[in-house]
Amino acid sequence: MSEALILLGIVIAGASGFPGLLFGKWSITGQRITTLLAVLGAALGLGGIAVFWTTGDSQPIALPWSIPGAEFRVAVDGLGAIFLTPIFLISLLGNVYGLDYWKQTRHPQNGRKLRLFYGVLTAAMALVVMARNGILFLVGWEIMALAAFFLVTTEDDEEEVRTAGWIYLVATHLATLCLFALFALMRAVSGSFTLVPLQRELAPGTATAVFILALAGFGLKAGIMPLHVWLPSAHAIAPSHVSAIMSGVIIKMGIYGLVRITSLLPDPPAAWGGVVLGLGAVSGVLGVAFAIGQHDLKRLLAYHSIENIGIIVMGLGLALLGRSLGRADWIILGLGGALLHVWNHAVFKALLFLSAGSVIHAVHTRAIDHLGGLAKAMPWTSLSFLIGAVAICGLPPLNGFVSEFLIYLGLFGTLGDGPGGSVAGAALAAPALALIGGLALACFVKAYGAVFLGTARSESAQNAREVPPSMLASMSVLAACCFLIGLAPLLVVPLLGRGISDWAPNLGDAGPRLAVLAPLAWVTTMGLALIGALLLGGALLWLMLPKVLLVQRPTWGCAYAAPTPRMQYTSSSFAQQLVGLFAWALRPRTQQPRTLPLFPQKASFHSVAPDTVLDDAVLPLFRISAWVISKFRVFQRGSIQMYLLYMFVALIALLLWRR
Amino acid sequence: MDTFLHNAIHIALALTLPPLLLGVIAKTKALFAGRVGPPLLQAYYDLIKLVQKGSVFSPTTTWVFRAGPVVGLVTAAMAVLLIPLTNSSAPISFTGDLILLAYLLGLGRFFTASAALDTGSAFEGMGAAREVTFACLAEPAFFLGLLVLAKLSGSLQLAGMLGGALAPHWLTEGASLALVLLSWFVVLLVENARIPFDDPNTHLELTMIHEVMVLDHSGPALGMILYGAALKLFVFGALIVRLAFPLTTGAPWLDWPLFVAEMLAVAALIGVVESTMARLRLTHVPVLLVAACLLSAFGIILLVR
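Here the protein sequences come in this chain order: A and B.
This note's numbering numbers the first residue of the first sequence as 1067 and each following residue consecutively.
This note's numbering numbers the first residue of the second sequence as 95 and each following residue consecutively.
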């Protein structure tokens, strides 16, 4: 039942863009029909997940397929359901948001294309999560990757967009290449492409190869530092509801792959957990450090995705360590925190990207230092961004706090003296998480303050208007989710428990144990108490403010009488000290005026924090490999008969070799 | 009934004592400078006066500007309820309360800094930037110290990590604890905007951190900020006290006065530090904070060696 419903949802969502193609460039009807179908498909998908959770009913569907080794085998389980939920939820809200954000009448050139691939992307991602056959998984994966490419390059008439799309395409195909090798290797061990737990113990060499391939292939998609190079520009230049689904959902497919593959493998050596935990900490700290250096609102948010993927990967690393050393509590807290953070990040990052989209919709710029003072003109967008910002910093009483709380508890637990002993190195990830939290707070105070507070720094920011209700509606649903998970985490514990049980079946039902390990009832109590106390405090201040003696005077500029908006502290100045502290990684490039002459002339100051890994490591590497590969050009004659000959020779060689 | 009385004393003390700490610090500094100094209760007088005053608001500001003081005060007040003051218990105590403590203070910082940016003043933006920058580095130092305490006590509850349970460890693992104590004292100084990180009495806005951040607040809102800052000082002071003087007599009528005396001693110590040191150059502040992180990290290495 649940599988059938979700499959129906996948078909409808996947086909939702096609009717729109029948309508003209300027037709709003086509857009409405497409959106309606996409919403219907996503709602069916969510319904199917709800059926699975309430009844626990799961009947895998298996249909034969003519490709050798392939089989159309799909199923839903606790782990899959956790990853399916954000796919359909964010897709639904993104489609509603797109009604006004990417109106067909305003984007006649690319609106239909965007909606077509938005639906295809939703369907492909859901297929990836449901697939129980390696080839089906890869088919879904590749459709997802290509659909995302066309979405990233929606505005392909711009140079910047084409470059970012190109980098993304190279990265995603590298990832697919690793996955080809991974599934081939796993088939060689298990004898079929069906994704079931491996019964045999792996040879150490094979196991390491599987681990490294999975980490590279899925890590590229997830954007784990230093495999993140495609991510910042792709997120920045895509339309905002595309960025929301990319950052909220697509990169989680990398996490899904890692979680699923590790669930199929026998208990890993402890070194894997350590490596994953370390990678997570590096991703987290450097991701947020790069974010602080950005001047582009969406690029800043993109780097925060790398940071949050880091936090998720830290949880996964802890769970892997738990499996190696036989510690159920590390598994439950680590994986529970990671899975909950997958949801949380999907919710608050989508909220932030949609809010950023509203800002762009109103002001037409992503440059933080051209914005400012929007809280007055756009109060609801401003509130949405604020809620997302508080949530992403992991502050109570919102959802980010809960998942980080679980991971903290797990990390502190590694100090104890139970079975497996103390892993002090792992515990050092807790201060790293604290550092991430502090840096994220600095970054979001900067972003929120520079964009929404103070006074407008440009004329277009001054004339901004609040966005239409359909966009606000999508944002408010996400904001409500932030509060719901933050205040009632016990609601999601049984769902997380099923996911954890699917990952580590010998734990039994992990839900009740998670509820015992983490005092989530206290989180609820303290969250409600905090909100109550804040309301009380607000009322107190309101009562104390004398209504008569309330005066309005301009901001005190230390006796300077005529302050201008340009005299405000900019986001770059705000970040300057932290950028300086991380200069060893960021390598910021500044261009500053020299104050040589007696009478100073007009001068300007520029600073950029480019992506160090991309500029200083990946691009030089690719230049070298391009030179090496160019030596093979002799084989590329461009004539069809030559290519047919190559294939023929290759087939004969393979047949002879198989003999 | 006993717990009820205990909690009542805890709350009453935590809400009334903090401004006195400010008075003790000021008095100590005056003593060093050979002045009479303001009365010990000056902070209380200031609070009463501020509550009765009118307010000035800049037309640039929004509701965020008014939310800043409220959130700052409320989060500090809730944090006070999490700290065990005497024989290892606090009104609110659960596994992982230490994480909530750190993040509550984070929430307060988020809104105080945002309120500063709401004014659109370059000075306040500067103060906010410094505040969040230095807090980034203080946070890991605090958590590294928590790791040491968690390792020693095997507990993830502040009540089990501080105070009585800690006393025997001072004999066996005193070096680790001393390192944490030193590191946390640095954290106290930076979190509460004290010399050598920040000088609350300097006359130049350019060199301030906390004071310049709240430059535009006035009247009751400024009172809330002042009171919230005092509560925050109380939180960190109590952490230091429970870490440095873990022994209690077991008799409540003796323990509470003893705790108050210890708190006043910490305040006097802050006063001594403020009187004998100069403010650091801003560029040198991160260096000291990283040193504090490393001190706590050495504490862990000593434990798990």
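Using N, Cα and C, we set each Cβ at its ideal position, and we do this for glycine too.
Under a Cβ-count criterion, where at least 16 other Cβ atoms within 10 Å of its own Cβ denotes burial, should residue i be classed as buried or exposed?
i                     : result
glutamate 1224(A)     : exposed
glutamate 1470(A)     : buried
glutamine 1097(A)     : buried
arginine 129(B)       : exposed
phenylalanine 1510(A) : buried
glutamine 1642(A)     : buried
lysine 143(B)         : exposed
cysteine 1244(A)      : buried
glutamine 1658(A)     : exposed
alanine 1337(A)       : exposed
leucine 1440(A)       : buried
asparagine 1572(A)    : exposed
histidine 1361(A)     : buried
threonine 122(B)      : buried
Who are residue i's beta bridge partners in DSSP?
i                  : result
asparagine 1199(A) : Thr1260(A)
aspartate 1362(A)  : Ala1433(A)
glutamine 1618(A)  : Phe151(B)
isoleucine 1377(A) : Answer by DSSP bridge pairing: none, since isoleucine 1377(A) is not bridged.
alanine 1128(A)    : Arg1139(A)
Using a Cβ cut-off of 9 Å (strictly closer), state whether residue i contacts chain B.
i                     : result
tyrosine 1369(A)      : no
glycine 1704(A)       : no
glycine 1353(A)       : no
valine 1456(A)        : yes
tryptophan 1622(A)    : yes
valine 1678(A)        : Here the sequence assigns threonine to residue 1678(A), which means valine is not the residue at that position. No - not a single Cβ of chain B is within 9 Å of the one on threonine 1678(A).
phenylalanine 1510(A) : yes
cysteine 1547(A)      : no
phenylalanine 1154(A) : no
tyrosine 1514(A)      : yes
threonine 1521(A)     : yes
alanine 1599(A)       : yes
proline 1555(A)       : no
Should residue i be flagged as near chain A, meaning a C-beta pair shorter than 9 Å?
i                : result
alanine 108(B)   : no
arginine 288(B)  : no
alanine 318(B)   : In the sequence as displayed, the identity of residue 318(B) is methionine instead of alanine. Output row for methionine 318(B): interface = yes.
lysine 326(B)    : no
glutamate 305(B) : no
arginine 87(B)   : This structure cannot settle anything about residue 87(B), because the visible part of chain B is limited to 95 through 399.
proline 163(B)   : yes
Does the Cβ-Cβ distance between residue i and residue j come in under 9 Å?
i                  : j                  : result
alanine 1416(A)    : leucine 1363(A)    : no
glycine 1565(A)    : isoleucine 1148(A) : yes
serine 1637(A)     : serine 1673(A)     : no
valine 145(B)      : glycine 317(B)     : yes
leucine 115(B)     : methionine 357(B)  : yes
glutamate 1373(A)  : methionine 1444(A) : no
leucine 1367(A)    : alanine 1422(A)    : yes
serine 215(B)      : threonine 1621(A)  : yes
leucine 1449(A)    : alanine 1457(A)    : no
leucine 1331(A)    : leucine 1264(A)    : yes
isoleucine 1495(A) : leucine 1343(A)    : Checking the sequence, you will find alanine at residue 1495(A) rather than isoleucine. Yes.
glutamate 233(B)   : alanine 1500(A)    : yes
methionine 302(B)  : aspartate 292(B)   : yes
leucine 352(B)     : leucine 252(B)     : no
In the DSSP assignment, the beta strand (DSSP E) including residue i goes from what residue to what residue?
i                 : result
glutamate 1137(A) : 1137-1140
glutamine 1657(A) : 1655-1657
Let's see if you can read the secondary structure: which residues bound the alpha helix (DSSP H) around residue i?
i                  : result
histidine 378(B)   : Careful: histidine 378(B) lies outside any alpha helix (DSSP H) and carries neither H nor E.
leucine 1519(A)    : Premise fails: leucine 1519(A) is in no alpha helix (DSSP H) and is neither H nor E.
proline 234(B)     : 216-247
serine 1673(A)     : Looking at the DSSP string, serine 1673(A) is not in any alpha helix (DSSP H); the run it does join, the beta strand (DSSP E), is 1672-1674.
tyrosine 1709(A)   : 1706-1724
cysteine 1547(A)   : 1535-1553
tryptophan 1039(A) : Any question about residue 1039(A) goes unanswered here, given that chain A covers just 1067 to 1725.
arginine 1326(A)   : 1317-1330
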